[in-house]
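Residue numbers (my numbering), protein chains in the order written: chain A, -11 to 276; chain B, 3 to 412.
Cβ atoms here follow ideal geometry from the backbone N, Cα and C, with glycine treated the same way.
Remember, predicted model here, so these are calculated numbers, not experimental data.
A short write-up of the structure that comes next.
Next comes the structure, spelled out in C-alpha cells:
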C-alpha cells in the first residue's frame, strides 16, 4: 500500500514541479507585465545550454545552474531594454517581436553550436520504495519548485522592490508620479522572468535531450498553466499547477500519456470557459 | 501593391531562369530534389542525411557525373513539418522539374509525400529504415525493414532475456505499426506483451512511464520512441535505476543516443542495423574517412545518412544501366534482379517485387561505458515479407502500405 501511495505522490510532485518551473517565469512576464513572451522557451534553452557548458568546463553542477539562471536573467534585462520596452502598449506586436527573437535564437544556436550537444547525466542516484525505484533528483526538482514559489512570494509581497513593482504593474503613471523608476522596474521584472525560465532549463538540463528547440517541450505546459492561473502569479499559477498536475497524474496513471495530455487540455478548456480570468479571479475575490 | 511586386519579381526571375537555361550548351545537369530536416526537432538526425547526399554528389561530379551529366542537388529543409513536405514536393516536381526525389525522415512525412509523387513518373527514394510494407512503384526504399530488423532482434532478445516485453512507442504510424510487428513476432515465439505505451511526439517527461514499467515487471523493453524530446526517456530511466535490457530498431545507429547521453543511460541497449559508425571493415573505414574529411564536425554517421549517400549511387547505377532517367526504364533494370551496388556494408540489391533493399544485418549491443559490440552477424537478409504476402510491383502497382493486420486482398 505504502509504495503505491508514495508513487502517487511522486508522480504528482513530478508533474507539479514541471508545471511550476516551466511557467513561473512566464507568469511574471505575462501575468504581471502583460507581455506574451514567445521567446520563453529560448530562455529555458539558454539556461540548459549554459549549465551544460559550465559543467563541461569543470564547474560543479549546482553552481553552474545558479550561474545559468543569472545569465538568462541578464540576457532578459538586455532584451527588455533593446526590444520588449518598445512594445508595452502593443501586445500583439510584442508577441510577434518575441516570436521572431525565438526563431533567430533557435536557428542561431543550430548554426553556431550544432544540432545537439552531449548531456551531462542526472546526479544524486536513486532510492527504492517497495518494488519501485525513484530518481532522487526528481524530488530535488519538486523542492526547487516549492522554493521558487516561496521566493516569488517573499520578493513581491515582503520587499520594498515588490511593493514598487506591484504598484508599477497596477498603474505605471501614478507610480512614476510618486517617484518609482518604472523603466528600471520593468527591466528587472522581465529579467526575473527570464532568470526563472533559465533556472527551469538549468534544473532540467541533466535529465533531457539537449537540442536548440528543447524549449518547445515546455511551452504548451507553461502557457496553459499561466492561462488557467490568470494574472496573479501566487494565487493563480500555483493552484493552477496543482489542479492540472492532479488531472494529468490521475489520467497518466490509469490511461497512459496520450489520455493524460488530452485530459489536461480538456480541463484547461473547461476552466477557461467557466473562469475566463483564470483561477486567481475567484481566489483573489475570496481573499478580499 | 506588394502582390504586384511579388508577381513582378516572380516574372523577372522566370525570365532570368529561361535565359540561363538557354545559355547552357553542354548537357543539362541532372536534378536531384532532396528534402531533409536540418532545422527543428529532427535536425540532429537529418544533418547527416544532407551531408551524405552532398558527399555522394561531390564524388560523382568529380568523376564525370551520371551519363556525362553533372548533378545539381536542390535541397529544401521542411523542418519536420508534413505540410511543408507536401508543398516542397510540389515545388520540386512542378517548378524545378527534378529527375528524382529523395528524402523524408518520419514515416508520416513519407506518407505525406507519396500520394503527390504517385501522380507523376518521378522516382522517389526513401532512405530511412521504417516499419515496412509500402508497395508502390514510384518508391524505392533504401533502409532496413521489419523482416530485417525485428525478425532478427526480437527472437534474440526473447532467447537472451525472456518472453515478457514492455513497449514504449511514439504515437504515429511508425510506432503503431512497429508495435504491431512486435505483437505478431512475439506471438509466434510464445511471448507476451505485458504493457504497451504510445507517447505523443514532443513529450519529454517519463516518470509515470518508468513506474508503469516497474509495475508490469517485463524482461526487457522495446524502445521505439522517436525524436529528441522522447529520447529523454533514457536519461530519466537510468536516473530511476530501471536497469532493464532494451531493444530497438532505431536507437544507436540512427539517433546516436550513445553519443548524445552521458553513460550509462544507453547501457544494455540492443539494435539490429545494416549500418552503424562502429563497423570495422576496410570498406566501412574508407567510407568513414571520406566522410570525416569533408565533414570533420560530424558527431556520428548515422544509418540514414549512410543510406542517403548510397541512394545516390544506387540511382547512378540504375540510370547508367538504363541509359535513361525515366522511371519505367529504371524499373526495367530493377526487374532484372541485378540492381546492386557495393555499399560500405557490402553488396546491396533492390528486390524487384517490392523495390526494397537487401541488407547485411548485424546485432549490436551497448555497454555501460557506451562501447559498442557486435553480438551477431546475420549476413545478407532479403526484404522478403512484401513479396510473400503478394506484392509484386513487376505485375501490379498497389500504391498501398501493408501491415500484418492490413494485407492485400487475394
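Residues of its chain near residue i, where Cβ-Cβ distance is below 7 Å and the 5 sequence neighbours each way are ignored
i	result
residue 252 of chain A	232, 235, 236
residue 54 of chain B	307, 308, 310, 311
residue 240 of chain B	266, 267
Environment of residue i [buried if 16+ CB atoms lie within 10 Å]
i	result
residue 68 of chain A	buried
residue 408 of chain B	exposed
residue 338 of chain B	exposed
residue 358 of chain B	buried
residue 227 of chain A	buried
residue 187 of chain A	buried
residue 254 of chain B	buried
residue 121 of chain B	exposed
residue 153 of chain B	buried
residue 294 of chain B	exposed
residue 325 of chain B	exposed
residue 166 of chain A	exposed
residue 78 of chain A	exposed
residue 94 of chain B	buried
residue 201 of chain A	buried
residue 254 of chain A	exposed
residue -7 of chain A	exposed
residue 183 of chain B	buried
residue 170 of chain A	buried
residue 144 of chain B	buried
residue 65 of chain B	exposed
residue 264 of chain A	exposed
residue 174 of chain A	buried
For residue i, the first and last residue of its enclosing alpha helix (DSSP H)
i	result
residue 387 of chain B	387 to 391
residue 183 of chain B	175 to 190
residue 297 of chain B	Run containing residue 297 of chain B: none; DSSP gives neither H nor E here.
residue 242 of chain A	226 to 243
residue 77 of chain A	Neither: residue 77 of chain A is in no alpha helix (DSSP H) and is coded neither H nor E.
residue 179 of chain A	170 to 192
residue 319 of chain B	305 to 324
Own chain, CB closer than 6 Å to residue i, minus 5 neighbours either side, in chain order
i	result
residue -5 of chain A	120
residue 123 of chain B	329
residue 135 of chain B	403, 404, 405
residue 25 of chain A	17, 86
residue 179 of chain B	133, 405
residue 181 of chain A	13, 16, 17
residue 399 of chain B	139
residue 20 of chain A	157
residue 335 of chain B	320, 323, 324, 341
residue 148 of chain B	134, 183
Cβ distance (whole Å) where residue i is taken to contact residue j below 8 Å
i	j	result
residue 207 of chain B	residue 2 of chain A	7 Å
residue 268 of chain B	residue 259 of chain B	5 Å
residue 362 of chain B	residue 376 of chain B	Their Cβ separation, rounded to whole angstroms, is 11 Å, which puts residue 362 of chain B and residue 376 of chain B out of contact at 8 Å.
residue 241 of chain A	residue -1 of chain A	6 Å
residue 126 of chain A	residue 264 of chain B	17 Å between Cβ atoms; not a contact.
residue 118 of chain A	residue 198 of chain A	Not quite, the Cβ-Cβ distance comes to about 33 Å (not below 8 Å), so this is no contact.
residue 87 of chain B	residue 45 of chain B	At roughly 15 Å, the Cβ-Cβ gap does not stay under 8 Å, so residue 87 of chain B and residue 45 of chain B are not in contact.
residue 256 of chain A	residue 216 of chain A	6 Å
Close Cβ partners of residue i (< 8 Å) along its chain, the five nearest in sequence each way excluded
i	result
residue 136 of chain A	8, 9, 12, 184, 187
residue 59 of chain A	34, 35, 38, 186
residue 97 of chain A	33, 37, 200
Proximity test, Cβ basis, 9 Å: residue i and chain D
i	result
residue 234 of chain B	In summary, chain D is missing from the structure at hand, where the protein chains are A and B.
Continuous beta strand (DSSP E) stretch holding residue i: start and end
i	result
residue 59 of chain B	That residue, residue 59 of chain B, is in no beta strand (DSSP E); its alpha helix (DSSP H) goes 45 to 64.
residue 362 of chain B	361 to 368
residue 120 of chain A	120 to 123
residue 244 of chain B	Taken as a continuous stretch (DSSP letters only), residue 244 of chain B belongs to no beta strand (DSSP E), as it is neither H nor E.
residue 115 of chain A	114 to 117
residue 102 of chain B	102 to 105
residue 349 of chain B	348 to 351
residue 209 of chain A	Residue 209 of chain A -> not in any beta strand (DSSP E); alpha helix (DSSP H) instead, spanning 204 to 217.
residue 379 of chain B	374 to 383
Please list the residues of the region 198 to 209 of chain B that have a C-beta atom closer than 8 Å to any C-beta atom in chain A, keeping them in chain order. 199, 200, 201, 202, 204, 205, 206, 207, 209
Selection of the region 36 to 66 of chain A by Cβ proximity to chain B, strictly under 9 Å: none
Of all the residues that make up the region 106 to 135 of chain A, which are near chain B by a beta-carbon distance shorter than 7 Å? 106, 107, 108, 109, 110, 114, 119, 120, 121, 122, 123, 125, 126
What are the residues of the region 39 to 69 of chain B that lie near chain A, defined by any Cβ-Cβ distance shorter than 7 Å? 41, 42, 43, 45, 46, 49
For the region 246 to 269 of chain B, list every residue whose C-beta sits within 8 Å of some C-beta in chain A, in sequence order. 261, 262, 263, 264, 265, 267
Using a Cβ-Cβ cutoff of 8 Å, what residues of the region 232 to 247 of chain A are near chain B? List them in chain order. 237, 240, 241, 244, 245, 246
Taking beta-carbon pairs under 8 Å, can you tell me which members of the region 329 to 343 of chain B lie near chain A? none
According to a CB-to-CB cut-off of less than 8 Å, which residues of the region 272 to 303 of chain B neighbour chain A? 299, 301
To be precise: take each residue of the region 209 to 225 of chain A, compare its Cβ to all Cβ atoms of chain B, and keep it if any distance is under 8 Å. Which residues remain? none
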